[in-house]
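Since the structure comes first, as C-alpha cells, the remarks are kept for the end.
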Amino acid sequence: QKEVEQDPGPLSVPEGAIVSLNCTYSNSAFQYFMWYRQYSRKGPELLMYTYSSGNKEDGRFTAQVDKSSKYISLFIRDSQPSDSATYLCAMISNAGGTSYGKLTFGQGTILTVHP
Amino acid sequence: NAGVMQNPRHLVRRRGQEARLRCSPMKGHSHVYWYRQLPEEGLKFMVYLQKENIIDESGMPKERFSAEFPKEGPSILRIQQVVRGDSAAYFCASSSGGDWAYEQYFGPGTRLTVT
Numbered sequence: 078q079k080e081v082e083q084d085p086g087p088l089s090v091p092e093g094a095i096v097s098l099n100c101t102y103s104n105s106a107f108q109y110f111m112w113y114r115q116y117s118r119k120g121p122e123l124l125m126y127t128y129s130s131g132n133k134e135d136g137r138f139t140a141q142v143d144k145s146s147k148y149i150s151l152f153i154r155d156s157q158p159s160d161s162a163t164y165l166c167a168m169i170s171n172a173g174g175t176s177y178g179k180l181t182f183g184q185g186t187i188l189t190v191h192p
Numbered sequence: 328n329a330g331v332m333q334n335p336r337h338l339v340r341r342r343g344q345e346a347r348l349r350c351s352p353m354k355g356h357s358h359v360y361w362y363r364q365l366p367e368e369g370l371k372f373m374v375y376l377q378k379e380n381i382i383d384e385s386g387m388p389k390e391r392f393s394a395e396f397p398k399e400g401p402s403i404l405r406i407q408q409v410v411r412g413d414s415a416a417y418f419c420a421s422s423s424g425g426d427w428a429y430e431q432y433f434g435p436g437t438r439l440t441v442t
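As they're listed, the protein sequences go chains C and V.
According to my numbering, the first sequence is numbered sequentially starting from 78.
According to my numbering, the second sequence is numbered sequentially starting from 328.
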C-alpha cells in the first residue's frame with residue numbers, strides 16, 4: 078500500500094465549476110500537508126500548505142485536512158482554463174530526525190478546465 | 328531570478344556514460360532536496376542535503392547515484408554508467424530547513440534521456 082493515494086483522473090470540468098481534489102494517507106506521523114500545481118514539462122509550484130487539521134483559504138483555493146480520517150482535499154472555486162494542470166498532494170512528518178526533509182507525494186491528478 | 332535554478336534543462340546520454348545534474352537553491356536557502364519523476368509515476372524523494380552534509384539519502388539507489396552540496400557552488404546529482412531506466416525528470420527543491428522544511432520550492436527540472 079502506498080503511503081499517499083491520489084486518484085490520477087483525468088478530471089475534466091467546464092469553466093466556472095467547483096473542483097474537488099483529494100488524497101488519503103496512511104502515515105499518522107504526517108503533520109504538514111501541501112498542494113502543488115505542475116504544468117506540463119514544468120517544475121511543481123507550491124500552492125498551499127496546512128499544518129495539522131483544519132481549513133485554509135487563499136483566493137479561489139481552499140485546502141482541508143481531516144487527520145482523523147487521514148484525508149485531505151483541495152477545492153478550486155470558479156475554475157478557469159488556466160487551472161488546467163496536474164495537482165499533486167504532498168506530506169511531511171515533523172517527527173524530526175533524518176526524515177524531516179522528505180516530502181511524500183501522491184501520484185497527481187490531471188485536471189482540464191474547458192471553456 | 329531568485330528561484331531555484333537547474334541545469335542543464337535537457338540532457339541526453341548514451342548507456343554507460345555519466346550524467347551530472349546541477350542545482351542552485353533559492354537565495355537564502357541552504358537546504359536542497361532531489362526528487363525523481365518517472366513517466367506515469369509521482370515525484371519520489373531521493374536525497375536531502377545541507378552544505379557539505381548529506382542528511383537523508385534513503386531514496387537514493389544504492390549504486391551509481393551520488394549527490395553532494397559543497398561549501399561553494401551548486402548541488403550536484405551524479406549518475407554513473409547510466410541505463411535506460413534512469414530516463415526521467417529530476418527535480419531539485421530548496422527550503423530554509425528546520426521548521427520550514429515543508430516549504431520546498433522546486434526548480435524547472437532536468438529531463439534526462441538515456442539512449
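Where a beta carbon is used, it is the ideal one built from N, C-alpha and C, also for glycine.
State the DSSP-derived secondary structure class of V:Val336, mapped to helix, strand or coil.
-> Just to set this straight, residue 336 of chain V is Arg in the shown sequence, not Val. Reduced to three states, the DSSP call for V:Arg336 is coil.
Consider the Cβ of C:Lys119: report whether some Cβ of chain V lies at a distance smaller than 9 angstroms.
-> yes
Can you tell me where the beta strand (DSSP E) with C:Pro91 in it begins and where it stops?
-> Leu88 to Pro91
Using Cβ-Cβ distances below 9 angstroms, what residues of the stretch 107-141 of chain C are close to chain V?
-> Gln108, Tyr109, Phe110, Met111, Tyr113, Gln115, Arg118, Lys119, Gly120, Pro121, Glu122, Leu123, Tyr126 and Tyr128
Whole angstroms is fine: what's the gap from C:Asp143's alpha carbon to C:Ser130's?
-> 5 angstroms
Quick one: is C:Ala162 near chain V, going by C-beta distance under 9 angstroms?
-> no
Just the chain V side, please: which residues come within less than 8 angstroms of C:Lys179 by C-beta, in chain order?
-> Tyr360, Phe372, Tyr375, Asp383, Ser385 and Gly386
Count the other C-beta atoms from every protein chain shown that fall within 10 angstroms of the C-beta of V:Arg342, then say buried if there are 16 or more, exposed otherwise.
-> exposed
Buried versus exposed call for C:His191 [16 or more other C-beta atoms within 10 Å across all chains shown] = exposed
Rank V:His358, V:Glu345 and V:Ala416 by C-alpha distance to the C-alpha of V:Asp383 and give the top, closest one.
-> V:His358
C:Phe110 beta carbon less than 9 angstroms from that of V:Gly369 | no
Thinking C-alpha only, which one of V:Pro388, V:Lys389, V:Ser393 and V:Gln364 is nearest V:Ile381?
-> V:Ser393
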